[in-house]
Amino acid sequence: MLKEDTINNTPAFMRNIKGIIAMQASPLSLVSDNLTSAGVTATRLLSTSKESWLMKDEINLNPMFIAPPESSEEMDSYDLAYLLEGTFTSYFKDKPVPEKPMGEEDISESDTPADAGETTDPAPTDTAESDTAAPEGDTPEVVAQNRILETSRPAKIFVLGCSQMLMDNMLDPEGRTTNATFILNTIDHLNGKDEIAAMRSKQQMLNPLADTTAFVRTMIKALNIAGLPVLVFVFGIGVWGTGKIRRKKIAKQFNA
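Oh and the sequence shown: position 17 is 17 in UniProt numbering, straight run, nothing missing.
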C-alpha cells in the first residue's frame, strides 16, 4: 500500500490520490546523463517508503514466507512510476533498419505431382510466351524505402514498473478506486485532458487520516481527557468572578 507521502500530488491529475495498491512492482532507475543530453524531463509519480527492500534471486511472493531483511541498511525507497516529457530520439537513428528475410519454401520430392501420380499440363509454347511477355525496359523497377523519424514531436511517455496494476483484480468496473483513478487520470493527462482528471479525483473513496507521531497522539489524548475539563473549570471561574464584580458594583451604587 503506497501512502500519501510516497505519491507525488503536485501534478494536477495526481491531486486527491491518497493511497494506491502496488503488487509485484519492479523499481525504476533514471539515467540522468541520457535525460540531460536528450532534453527530456522526468517527473516521479510513485515511490515506495524508506522501509522497502528488493527481492532478488529466489522470488517468493507468498505472504507467509516474506520477511524483511535483518539489516536496515538493505531498506531504501524505490521509484515505481515516472512521467517523461520532451522530444525522444529514435532507436534506429544513424542505424540501418533491419529487413525481414524472405523465407524460401522447401518442397520435397514426395510433394511433386509426378510422385503423386498426377498429370501436369504441358508447358506453354515459346510463341505464347512471346505474345504475352511485356517488352523489356517498359516495366519500371520498384524499390521499397523505409522512412525513419529520427526525433519525435514533443510527447509524453508514462513508465510504470508494475503490469499487475492494469489487471482486472486491481481495477473496479466503475473506476472509482484509487488505482483506477490513477490509471484513468494518467491516460487523460497524456491526451491533454487534465480538467477531466481533476473532476474524477474529486470523487475519491479513500481518505485516510494523516500519520502522526506517538508524541502528537499523546498530546491529543491528554487534551481530550484533561484539557477540556480544565477549560470548563477556567470558564466557570471567569463567570463566577464576573458575577461577583457585578454584584459588588450594584451594592456600591445602592449604598451610596
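Glycine is no exception: its CB is placed at the ideal position from the N, C-alpha and C atoms.
Measuring only the C-alpha atoms, how far is Gly243 from Leu209? Within the model, the alpha-carbon separation for Gly243 versus Leu209 is close to 44 Å.
The alpha helix (DSSP H) that contains Ala214, what's its start and end? Ala214 to Ala222
Query - Alpha-carbon spacing of Thr218 relative to Asp211, whole angstroms - result: Spanning the two alpha carbons is a distance of roughly 13 Å.
| message | Tell me which residue opens and which closes the beta strand (DSSP E) that Asp76 is part of. | response | Note, Asp76: premise wrong, no beta strand (DSSP E); not H, not E.
**OP:** Would you mind sorting Ser26 into buried or exposed? The rule is 16 or more other CB atoms within 10 Å of its CB.
**Re:** exposed
For this session: Taking all protein chains shown into account, decide if Tyr78 is buried (16 or more other Cβ within 10 angstroms of its Cβ) or exposed.
Result: buried
With DSSP as the reference, label Ser26 as helix, strand or coil.
coil
Next on the checklist: For a test of the three-state rule: what should DSSP assign to Val159, helix, strand or coil?
Outcome noted: strand
When DSSP labels each residue in this structure, what does Asp106 get in the three-state scheme? In this prediction, Asp106 scores a pLDDT of 49, lower than 50, which makes its location untrustworthy; the coordinate-derived value is nonetheless stated afterwards. Reduced to three states, the DSSP call for Asp106 is coil.
- Query: Going straight from the alpha carbon of Asn179 to that of Phe233, what length do you get?
  - Reply: 50 Å
inquiry  = Tell me the DSSP secondary structure of Glu99 in three-state form.
reply    = coil
Item checked: Ser49: first and last residue of the uninterrupted beta strand (DSSP E) it sits in -> Per DSSP, Ser49 belongs to no beta strand (DSSP E) and is neither H nor E.
Can you name the start and end residues of the alpha helix (DSSP H) that Asp194 belongs to? Asp194 to Ser201
| message | Here's the rule: buried if 16 or more other CB atoms are within 10 angstroms of the residue's CB, otherwise exposed. What is Leu61? | response | Here Leu61 is exposed. Its C-beta has fewer than 16 other C-beta atoms within 10 Å.
Q: Pull up the distance between the alpha-carbon of Trp240 and that of Asn224, whole angstroms please.
A: 24 Å
### Message
Looking only at its chain, what residues have a beta carbon closer than 7 Å to the beta carbon of Thr89, apart from the 5 residues adjacent to it on each side?
### Response
Ala38, Glu150 and Thr151
Q. Relative to the alpha-carbon of Leu160, which residue among Leu45, Asp5, Asn16 and Thr10 has its alpha-carbon at the smallest distance?
A. Leu45
Item to complete: Please confirm if the stretch 47-56 is in contact with the stretch 92-104, defined as three or more CB-CB distances below 8 Å between the two stretches.
Response: Flag = no, the stretch 47-56 and the stretch 92-104 do not touch.
Q) By Cβ distance below 6 Å, which residues in the same chain neighbour Thr10 in space, the five residues on each side in sequence not counted? A) none
Go through its chain and collect everything with a Cβ distance to Asp158's Cβ below 7 Å, but skip five positions before and after it. Here residue 158 is Phe; the residue named in the question, Asp, does not match the sequence. Same-chain partners within the cutoff: Leu83, Thr186 and Leu190.
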